[in-house]
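Sequential numbering of the sequence shown, starting at 559, is according to our numbering. Note that CB positions come from ideal geometry on N, CA and C, so glycine has one too. Just below is one structure, and these are the notes that go with it.
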Amino acid sequence: MSVEFKKVSELKRGTLLALLTDAYLFDGKYEQSCHSDWQDCDNFFFDHSQIADKCAFITTLDDEPIGFVVWDPRNMPEYAEIGHNCILSKHKGHGYGKLQLQEAMNRILQEEVKKIIVTTNDDLIPAQRMYESVGFKMYQRRKSQNTADFIGEHIDYVYSLEENQV
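See below:
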């Protein structure tokens with residue numbers, strides 16, 4: 559089985575939306591609450607391939623898309639913020655998410671960024687464990703700002719280059 563990280567521009571529009579929809583199948587409330595954001599993400603990255611190919615990639619297994627990660631570089635070199643980071647449901651628990659995250663971190667850190675930040679939800683325990691396993695530290699827990707949002711708390715994580723250099 560061959561894992562590759564491909565440019566977003568190498569795949570077709572709708573790929574990011576399909577990956578996100580599948581990755582959150584375990585709870586229909588995510589799609590109900592986030593579908594519009596997911597569609598916006600897909601549209602943005604396929605409309606702006608020059609940004610997508612620099613700040614995102616799609617993970618493939620034997621040429622089939624199984625996940626992707628995107629990050630926001632606008633605050634570099636102070637920090638970069640990881641946005642969507644997902645793996646298809648049937649491929650979770652096999653190390654692909656961690657491999658994908660490590661590849662994203664390597665690409666971001668090549669830009670000499672001081673910190674990488676990421677936010678996850680309090681009910682996404684596997685995501686929390688994954689971030690912590692590669693050196694992210696919990697920075698804060700905070701309530702969702704959207705009162706219509708079903709998500710209880712957001713957890714902000716920080717990976718600091720200074721703290722993780724040996």
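Can you tell me which of the three DSSP states residue 625 falls into?
strand
Between 609, 720 and 682, which lies nearest to residue 714 when the distance is taken from Cα to Cα?
682
Give me whichever residues DSSP pairs with residue 561 in a beta bridge.
619
Report the partner residues of residue 718 according to the DSSP bridge assignment.
673
To which residues does DSSP link residue 638 through a beta bridge?
674
Closer than 8 Å by C-beta to residue 636: which residues in its own chain qualify, once you throw out the five before and the five after it? Chain order, please.
671, 672 and 673
Considering only the beta carbon of each residue, do residue 563 and residue 615 sit closer than 7 Å?
yes
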